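Asker: In the working numbering, the protein residues as written are 207 to 548.
Even glycine gets a Cβ: it sits at the ideal position worked out from N, Cα and C.
Note that the coordinates shown come from a computational prediction; the quantities given were computed from them, not determined experimentally.
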């Protein structure tokens, strides 16, 4: 597959062409925030942003998702009739997604599609019908530490196409067959453009100075890490608000509820958070994570200890830094992980 080039002045036609047969979404500036919006042209596209306010996780794992609906009529001899939700009709394109968010989808693939017995059909249907056109980072956020987590400003994993902003032009690097089909009609990039993209990659990676070390976490037995003395300090500032889990691109805990009215009902999957005391509250009244310390420890142990054990080393974090930016009491994930590693 050859790198392609597209002039920004021609980008409008490119986006309009995609939008004819697909739903296209991209980060659009609203006041000081970059929010995901549906677009049908390049008019509102912005290439000078650090990262989006929210991760695009909700496009594949919605905050509220109806899984099925049912009718339970006492007058109907068939009794309860259950019907599945229809699959997604159109493909969707997530344009200018950052590489860290695409990497997060790869982590969630390991969670939702582990094997035939644990295949989440709702996730897989949307995943198969989603094309990811990534935008490489020129100026990473000060809170980014993606290079510590097998990721980076120009990371390609999970993407169908990687776009690199070269000023008046974009270098488009197809990475999959689906990506190749999107850019096949574009001109091949010159060697000078390829070299310019490579130099940008090096400078972007060098701009990330935050690092976390997990070498001892991976070596330490689970119980030893669980009883690590750092937990006596980490939890004190936390207010269990769940902001970190809401913004996180890899958090995936959910609750399923049946909501009914008269004879009609539906089964809904809603995001949940391990920061809530209700998350593990048993009907008996017992709560195995009844204290704030238990809940804070669970969040970090899950991401940096339990998930790597279960998912062949995959860490439940991509270093995007959103949780650090949004935490109302200034808990810094980098500080916590390095403390776990001490």
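Give every residue of the same chain whose Cβ lies closer than 6 Å to the Cβ of residue 363, excluding the five residues on either side of it in the sequence, and list them in chain order.
Answerer: 309 and 312
Asker: Can you check which of these residues, 352, 359 and 482, is closest to residue 500 by C-alpha distance?
Answerer: Closest option to residue 500, Cα to Cα, is 482.
Asker: Measure the CB-CB distance between residue 229 and residue 296 and report whether it falls below 9 Å.
Answerer: yes
Asker: Going by Cα to Cα distance, which pick from 215, 440, 375 and 212 is closest to residue 541?
Answerer: Nearest option by C-alpha distance: 440.
Asker: Quickly, what does DSSP pair residue 319 with across the bridge? List them, please.
Answerer: Bridge partners of residue 319: 325.
Asker: Please list the terminal residues of the continuous beta strand (DSSP E) segment that includes residue 402.
Answerer: For residue 402, there is no enclosing beta strand (DSSP E); the enclosing alpha helix (DSSP H) covers residues 397–413.
Asker: Assuming residue 432 is part of the beta strand (DSSP E), what are its boundary residues?
Answerer: From DSSP, residue 432 is part of no beta strand (DSSP E) but of the alpha helix (DSSP H) over 428–432.
Asker: Can residue 406 and residue 376 be called in contact, C-beta distance under 9 Å?
Answerer: The answer is no: Cβ separation not under 9 Å.
Asker: Which residues in the same chain as residue 456 place their Cβ atom closer than 7 Å to its Cβ, once the five residues preceding and following it in sequence are excluded?
Answerer: 310, 313, 314, 522, 523 and 524.
Asker: Rounding to the nearest angstrom, what Cα-Cα distance links residue 453 and residue 534 in this structure?
Answerer: 13 Å
Asker: Given the structure, does residue 493 come close to the ligand ADP, in the sense that its CB is under 8 Å from one of the ligand's heavy atoms?
Answerer: With respect to the ligand ADP, the structure offers nothing, as it holds no ligand at all.
Asker: When you compare the CB positions of residue 209 and residue 443, do they come within less than 9 Å of one another, or not?
Answerer: no
Asker: Taking three-plus beta-carbon pairs below 8 Å as touching, is the region 468–478 in contact with the region 486–493?
Answerer: no
Asker: Indicate whether residue 401 and residue 214 have their beta-carbon atoms separated by less than 9 Å.
Answerer: no
Asker: Specify the secondary structure class of residue 531 as computed by DSSP and reduced to three states.
Answerer: helix
Asker: To which residues of the same chain is residue 330 closer than 8 Å at the C-beta, ignoring the five residues directly before and after it?
Answerer: 318 and 319
Asker: Candidates 428, 340, 425 and 495: which alpha carbon is nearest residue 233's?
Answerer: Out of 428, 340, 425 and 495, 340 has the C-alpha closest to the C-alpha of residue 233.
Asker: Can we say the region 267–286 touches the region 237–246, given the rule of at least three CB pairs closer than 8 Å?
Answerer: no
Asker: Have a look at residue 497 and residue 447 and give me their C-alpha separation to the nearest angstrom.
Answerer: 14 Å
Asker: Just how far apart, CA to CA, sit residue 411 and residue 368?
Answerer: Our two residues, residue 411 and residue 368, have alpha carbons roughly 16 Å apart in a direct line.
Asker: In whole angstroms, what is the alpha-carbon distance linking residue 546 and residue 328?
Answerer: C-alpha separation (whole angstroms): 35 Å.
Asker: What is the rounded straight-line gap between the Cα of residue 404 and the Cα of residue 516?
Answerer: Distance from the CA of residue 404 to the CA of residue 516, rounded to the nearest whole angstrom, comes to 35 Å.
Asker: Ignore the nearest five residues each way along the sequence and tell me which others in residue 323's own chain have a CB closer than 8 Å to its CB.
Answerer: none
Asker: Once DSSP output is grouped into helix, strand and coil, what is the label at residue 442?
Answerer: When secondary structure is reduced to three states using DSSP, residue 442 falls in the helix class.
Asker: Given this structure, state the Cα-to-Cα distance separating residue 428 from residue 543, to the nearest angstrom.
Answerer: Inter-residue distance for residue 428 and residue 543 is about 15 Å (C-alpha atoms, whole angstroms).
Asker: Which class does residue 277 belong to by DSSP, given the choice of helix, strand or coil?
Answerer: strand
Asker: Mind checking who residue 270 pairs with in its DSSP beta bridge?
Answerer: 476
Asker: Could you say which of 286, 302 and 408 lies nearest to residue 261 if we only look at CA atoms?
Answerer: 302
Asker: Taking 6 Å as the limit between beta carbons, can you name the residues of its chain near residue 256, skipping five residues before and five after?
Answerer: 347
Asker: Is it true that the CB of residue 414 sits closer than 9 Å to the CB of residue 350?
Answerer: yes
Asker: Does DSSP put residue 338 in a helix, in a strand, or in coil?
Answerer: strand
Asker: Around the C-beta of residue 507, are 16 or more other C-beta atoms found within 10 angstroms, so that it is buried, or is it exposed?
Answerer: buried
Asker: Helix or strand or just coil, what does DSSP make of residue 509?
Answerer: helix
Asker: Tell me the DSSP secondary structure of residue 224 in three-state form.
Answerer: Here residue 224 sits in helix by DSSP.
Asker: Please return the same chain residues whose Cβ sits closer than 7 Å to the Cβ of residue 247, not counting the five positions on each side in sequence.
Answerer: 218, 221 and 222
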